[in-house]
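Following: one structure in structure tokens, then a few remarks.
Number of protein chains: 2
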Amino acid sequence: MDIALFGFGCVGQGLYDALGQSHGFKAGIQKIGVKDRHKPRKIALDHFSFDRHEILGRSDIQAIVELVDNAEDALDIVRTAMQRGLHVVSANKKLLAEHFSTLFQLQQDKGVALLYEGACAGSIPIIRNLEEYYDTETLRSISGIINGSSNYILTRMDKDGLDYHTALAQAQELGFAEIDPWLDVAGFDPKYKLVLLVVHAFGVIFKPEAVLNLGIQNISAFDIEHAALKGQRIKLVAYAAQHGNQLQAYVLPRLVGHESNLVNIDNEYNAVEIEGAFSGKQLLVGKGAGSYPTGAAVLSDVAALSHQYRYEYKKLHQNIAANGHGLHELHTDFTLRLYIRYTHETELALLDIKETIEQYTSPRAKYLIAEVGFASLYALQGKENKLFVAVV
Amino acid sequence: MDIALFGFGCVGQGLYDALGQSHGFKAGIQKIGVKDRHKPRKIALDHFSFDRHEILGRSDIQAIVELVDNAEDALDIVRTAMQRGLHVVSANKKLLAEHFSTLFQLQQDKGVALLYEGACAGSIPIIRNLEEYYDTETLRSISGIINGSSNYILTRMDKDGLDYHTALAQAQELGFAEIDPWLDVAGFDPKYKLVLLVVHAFGVIFKPEAVLNLGIQNISAFDIEHAALKGQRIKLVAYAAQHGNQLQAYVLPRLVGHESNLVNIDNEYNAVEIEGAFSGKQLLVGKGAGSYPTGAAVLSDVAALSHQYRYEYKKLHQNIAANGHGLHELHTDFTLRLYIRYTHETELALLDIKETIEQYTSPRAKYLIAEVGFASLYALQGKENKLFVAVV
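In order, the protein sequences belong to chains A and B. FYI, the numbering used here numbers position 103 of the first sequence as 161, with every residue one higher than the one before it. FYI, the numbering used here numbers position 174 of the second sequence as 232, with every residue one higher than the one before it.
Dropping the structure here:
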């Protein structure tokens with residue numbers, strides 16, 4: 059099996075090392091496509107090419123691995139490769155979630171595989187399990203901690219009493235958070251992953267903009283202490299569940315108690331909990347970020363390609379057969395009980411508060427516990443504001 | 059896909075229900091083979107046959123599912139089916155572990171599949187993940203709680219302060235333990251499962267009699283309290299790890315601390331932790347026993363058969379290619395630090411105690427913490443004695 063690799067950052071180098079040391083599987087990396095001619099590289103320069111189209115035109119490769127930063131470049135590389143009949147492995151959740159329908163259609167039209175285990179929860183083989191093992195099982199819900207950066211920040215705030223900005227800086231220093239952490243801490247990254255999980259778990263394609271995500275960017279030490287007083291911890295949780303023939307799906311901070319499987323998932327670890335009608339609750343835990351864990355997931359996809367493996371999208375095809383199309387409306391007409399910490403009452407005006415359960419005011423902080431119309435939360439998404447909201 | 063089912067006990071009925079309610083996959087159960095003509099059945103009598111050879115001779119089935127109690131019957135059914143070119147799904151760990159080489163060879167010779175996800179850790183898709191996902195990964199170790207009955211007993215002793223016999227009776231009442239609990243509580247059942255895991259994780263076939271198992275049948279409330287004083291809990295852990303080019307593999311009670319992923323796996327839940335060179339620590343948790351969880355695992359195997367799935371034993375073939383054969387010696391020349399509670403000093407004579415670290419004597423109990431030559435522990439295996447031994 060001969061491949062080309064695009065991108066030689068953290069995950070690309072992890073893949074390179076994992077492939078070099080794997081006893082079970084060898085693939086030849088014919089070329090590594092990178093952009094920056096002047097960056098120092100760990101391996102000899104003749105491994106690299108700076109011409110993407112030269113690489114994609116080679117006749118000696120059967121597949122490419124796409125691990126580049128730039129979203130436009132990534133889309134062009136993946137689309138061009140598939141159109142030319144090359145199989146693709148990608149770990150780019152943003153690209154995959156935003157262009158899912160196009161990339162799904164290209165797989166069908168061109169008869170090529172697109173695998174993306176490394177895009178979702180790092181080293182945890184969640185897509186493969188949903189696709190191959192839970193295909194016969196009616197799933198009730200899937201929920202998880204699937205953003206390593208946020209989880210690292212929350213863990214350090216909780217365990218070391220750090221404030222948010224110190225914990226973020228530490229995560230950046232250790233390579234667990236990007237220089238621009240917005241996609242992670244505001245919950246966009248786990249939302250993209252959730253969109254992929256929902257395709258394989260429930261057979262439904264959502265556009266990312268339809269799925270609510272609020273993040274941890276406004277969290278304070280007060281919130282962590284408040285949770286601890288109730289014997290709980292705050293985690294950023296991606297969640298999707300069946301509700302009749304509609305689905306709820308969102309990413310929100312959540313106060314989790316010690317009865318939860320997610321409560322002790324710390325630092326850069328990820329966890330996904332699946333609830334099946336027959337199998338009951340299943341939990342998968344593993345490292346959600348980092349060069350080697352994600353590199354190992356990408357390697358497993360490359361090896362699977364060599365066995366002619368491709369996702370069959372069994373649940374999606376079942377739904378398309380049943381409904382004529384795979385795109386569904388989200389269920390948004392429900393209320394959630396939320397912890398809402400605010401600075402001024404005016405900030406609450408955006409929220410459809412149905413009922414206030416608790417109200418707290420002190421010189422240090424103000425919060426409500428209230429039943430809130432879910433749809434009103436979209437007004438907060440991706441906006442600068444000072445509210446911190448968590449499901450209780 | 060048309061199949062025959064042998065056995066209609068707990069798991070057989072779970073499979074029947076799961077198959078009836080699956081949207082993703084339908085298989086026709088042409089006949090259910092059972093022994094007892096007089097047992098009342100939940101479904102109409104014309105579903106059943108009492109003649110195993112009539113069923114195995116049918117031309118309208120492509121596969122059988124073997125879920126019978128009797129070991130000899132099970133072996134005859136599985137072997138005959140495979141010889142006749144039928145694919146087989148089995149959840150019978152004892153059968154599989156004891157006859158592994160024969161059943162492996164039959165798969166090769168007859169070109170049929172033998173799948174057994176339900177035999178190992180109930181609903182957790184561990185065999186499938188080892189086979190399909192970790193095939194490219196060098197695994198360092200695998201360890202887990204893979205006996206639901208023992209884990210239920212240990213949990214109730216710990217949480218409710220029950221003594222061993224009361225907890226066992228409760229487990230039996232709830233259907234989590236057999237009327238004859240010996241295979242479970244003495245650690246034979248998890249050993250059979252460990253033998254299967256080792257094939258797929260390390261590509262090595264061990265005979266079950268070569269693998270040490272000591273169980274929880276001698277545990278007392280004192281042991282649980284002793285562990286709690288040290289901030290630990292006692293779990294029955296199956297363990298295998300690479301040691302140079304040899305393997306350590308054993309089932310032993312273990313004192314686990316709160317840093318361990320296994321410490322909060324309670325009641326009938328199972329958990330398997332895999333440590334990969336690149337992927338790091340991975341944990342899979344799910345129900346390890348019960349009609350529906352195991353039935354769902356068996357159903358997933360039946361569905362996989364319909365997609366022409368079969369285990370490729372990639373690691374076993376790698377090892378056979380490297381060593382000429384797949385059977386290896388176990389590494390037994392090492393010491394383990396153990397907690398050993400005893401009644402009389404004479405009971406310790408069997409053990410190769412290299413160094414005593416702690417010694418405790420009171421009217422209530424006597425114990426040692428000591429470094430013990432591993433090989434000497436085989437003398438205790440499956441024997442009536444009063445020692446309780448746990449890895450510290």
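Idealized CB from N, CA, C, for every residue including glycine.
According to DSSP, residue pairing for R399/A in a beta bridge involves Y425/A, F446/A.
The C-beta distance from V295/A to L310/A rounds to 7 Å, short enough to meet the 8 Å contact threshold. By the beta-carbon neighbour count (other beta carbons within 10 angstroms, threshold 16), D247/A is buried. With 16 or more other Cβ atoms from the protein chains shown falling within 10 Å of its own Cβ, N150/B counts as buried. In the DSSP annotation of this structure, F234/B is not part of any alpha helix (DSSP H), being labelled neither H nor E.
Taking the Cβ atoms as the reference, G65/A lies roughly 4 Å from V126/A, within the contact range of under 8 Å.
The C-alpha of L73/B is placed about 7 Å away from the C-alpha of V356/B. By the rule that beta-carbons nearer than 8 Å mark a contact, V256/B does not touch chain A.
At the C-beta level, G180/A and G70/A stay beyond 8 Å of one another.
Under the three-pair Cβ rule at 8 Å, the region 294 to 308 of chain B counts as touching the region 199 to 206 of chain B. By the Cβ-count criterion, K152/A is buried, with 16 or more other Cβ atoms from all chains shown falling within 10 Å of its own Cβ. Taking CB atoms only, D60/A has no neighbour in chain B less than 8 Å away. Cβ-Cβ separation between N319/B and V449/A: approximately 25 Å, too far for a contact (criterion under 8 Å).
L435/A: not part of any alpha helix (DSSP H); DSSP gives it neither H nor E.
Shown in chain order are the members of the region 160 to 193 of chain B whose Cβ falls below 9 Å from a Cβ of chain A: E175, G180, S181, I182, P183, R186, N187, E190, Y191, Y192, D193. Nearest neighbour of L435/B by Cα position, chosen from L270/B, L133/B, D242/B, turns out to be L270/B. Across the structure, E370/B and G315/A are spaced so that their CA atoms are roughly 42 Å apart. The straight-line gap separating the alpha-carbon atoms of R395/B and I411/B is approximately 10 Å. In this model, V256/B and E405/A are separated by some 58 Å (Cα to Cα). For T419/A, the enclosing beta strand (DSSP E) has its first and last residue at 411 to 419. Within the region 334 to 347 of chain A, the residues whose Cβ lies closer than 8 Å to some Cβ of chain B are G334, A335, F336, S337, G338, K339, Q340, L341, L342, V343, G344, K345, listed in chain order. For Q300/A, the enclosing beta strand (DSSP E) starts and ends at 290 to 301. In this model, A329/A and R110/B are separated by some 45 Å (Cα to Cα). For F83/B, the nearest beta carbon of chain A is closer than 8 Å to its own beta carbon. The region 155 to 167 of chain A makes contact with the region 236 to 253 of chain A, as at least three CB pairs between them are under 8 Å.
Cβ proximity to chain B below 9 Å picks out Y367, E370, K372, K373, Q376, A380 from the region 366 to 390 of chain A.
Inter-residue distance for E333/B and Y192/B is about 10 Å (C-alpha atoms, whole angstroms).
Residue contact with chain A for G273/B: absent (no Cβ-Cβ distance below 8 Å to any residue of chain A).
By the neighbour-count criterion, in which 16 or more other beta carbons inside 10 Å mark a residue as buried, N276/A falls on the buried side. Excluding its 5 nearest sequence neighbours in each direction, K168/B has C-beta neighbours in its own chain below 8 Å: M140, Q141, G143, listed in chain order.
Counted as a single uninterrupted DSSP element, the beta strand (DSSP E) harbouring H145/A occupies residues 145 to 148.
Neighbours of N319/B in chain A, taken as residues whose beta carbon is under 9 Å from its own, are N322, V343 in chain order.
For N328/B, the pairing in a beta bridge is given by DSSP as G344/B. Bounds of any beta strand (DSSP E) do not take in D238/B, whose DSSP letter is neither H nor E. DSSP, read as helix, strand or coil, puts N377/B in helix. Residues of chain A whose Cβ lies closer than 7 Å to the Cβ of A361/B are, in chain order, D193, T194.
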